[in-house]
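Notes to accompany the following structure.
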Amino acid sequence: MLVEVERSGFLESVHRGSLVVVGPDGGVLSAVGDVERPVLPRSANKPVQATALLAAGWTPRSGEELAIGAGSHSGEDGHRELVAGVLAAAGLSPDDLGCPPALPSHEATRAAWLTAGRAPERLAMNCSGKHAAMLSACVAAGWPTEGYLEPEHPLQQAIEARLGEAAGTPVAAVVVDGCGAPQHGLPLTGLARGVSSLVEAAAGAPGRAVADAMRAHPWFVAGTGREDTDLMRAVDGLLVKGGADGVHVAALPGRGAVALKLDDGGDRGRTPALCAGLLRLGVPAEQLAAWSLTPVPGGDGVVGEVRAAAALLS
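Residue numbers 1 to 314, in UniProt numbering, belong to the letters of the sequence shown in order.
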């Protein structure tokens, strides 16, 4: 049990799962649950995936472009404009994107679209930055953009190899992600080691370039009011990337990394669990206070909290 939900002094719900903390050398410092069982990291794989795109020849024109290529944006105006620019620089257009059309996930932007009767667009899909970067890598490498999401495509083969290399273990499964791209199963230890390797990489190395871009431009990694963006702004040097279905990973240079998966696939308990892991990496509690406890509302007030369970605090 990683997270518990208390309402008016009553234990209402719990979230079970696994969490691992590794040091800068990849050695396991602490573990709760089965951290060697393969999971689907979902978008938490994106930072390491981005290093494969750089190796294929993609040359982002700015740190912002690299950050959104490794991010899961909210579909805000600046996000969509930047992704369109990435495509245009490669001689492509939004019609080349293989991700499905979507409405922006940013609440105010989505409301404005609905009010205006605006249809979903591929640029607004949260993974469009990754897809634009994938397509740009194909153009740079001379690979066909047609079929770039097929597991047998040379781009996807390069991504799979890179993920396994960074994790220190072969990819356990290849499935179809929500955006239509291949998704690669890894144990939490491998996920943590891979992301830790980015912040520990030498200056100028591809991994360090990804980490530096994400930390310098966190709004392009997520968006307004998003936990990944706000945590990176609050904790100097921290790299954070969430993934769908209850996954989160974070790394600090010289400290190590934490990766977690909630078995129920929910998001409610992710940040309290993540913060408990970050405490083990030495992040001061006051820097994490805004995310360590999630209020439980009741009427016009707060009657409880979502918090890390004892297994993560001992």
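Every residue, glycine too, gets a C-beta built ideally from N, C-alpha and C.
- Roughly how many whole angstroms lie between the Cα atoms of Ala137 and Trp143? 8 Å
- Can you give me the start and stop residues for the beta strand (DSSP E) that Leu238 sits inside? Premise fails: Leu238 is in no beta strand (DSSP E) and is neither H nor E.
- Counting only the same chain and skipping the five closest in sequence on each side, list residues whose C-beta sits under 8 Å from that of Ala56. Ala137, Cys138, Ala140, Ala141, Trp143, Leu155 and Ala158
- Query: Exposed or buried, which one is Pro297 when buried takes at least 16 other CB atoms within 10 Å?
  - Reply: exposed
- Item | Where the beta strand (DSSP E) containing Ser196 begins and where it ends | Premise fails: Ser196 lies in the alpha helix (DSSP H), Leu188 to Glu200, not in any beta strand (DSSP E).
- Message: Check for me: the alpha helix (DSSP H) holding Ser128 runs from which residue to which?
- Response: Ser128 to Ala141
- Using CA coordinates, which residue listed in Met134, Asp25, Ala44 and Val14 is at the minimum distance from Gly168? Asp25
- Message: Comparing C-alpha positions only, which one of Arg233, Leu262 and Leu198 sits nearest to Gly254?
- Response: Leu198
- Task: Name the residue from Glu76, Ala309, Gly282 and Ala285 whose alpha carbon lies nearest to the alpha carbon of Ala273.
- Result: Ala309
- Query: Can you round the beta-carbon distance between His248 and Cys179 to whole angstroms, since I take them to be within the 8 Å contact cut?
  - Reply: About 18 Å separates the two Cβ atoms, so there is no contact after all.
- Query: Are the Cβ atoms of Val35 and Leu29 separated by less than 8 Å?
  - Reply: no
- Should Arg42 be labelled buried (16 or more other beta-carbon atoms within 10 Å of its own) or exposed? buried
- Query: In chain order, what residues of the same chain lie with their CB nearer than 6 Å to the CB of Pro94, ignoring the 5 residues before and after it?
  - Reply: Arg122 and Leu123
- Task: Determine, using beta carbons only, whether Leu262 and Gly246 come nearer to each other than 8 Å.
- Result: yes
- Query: Can you name the residues that DSSP bridges to His248?
  - Reply: Gly242 and Leu260
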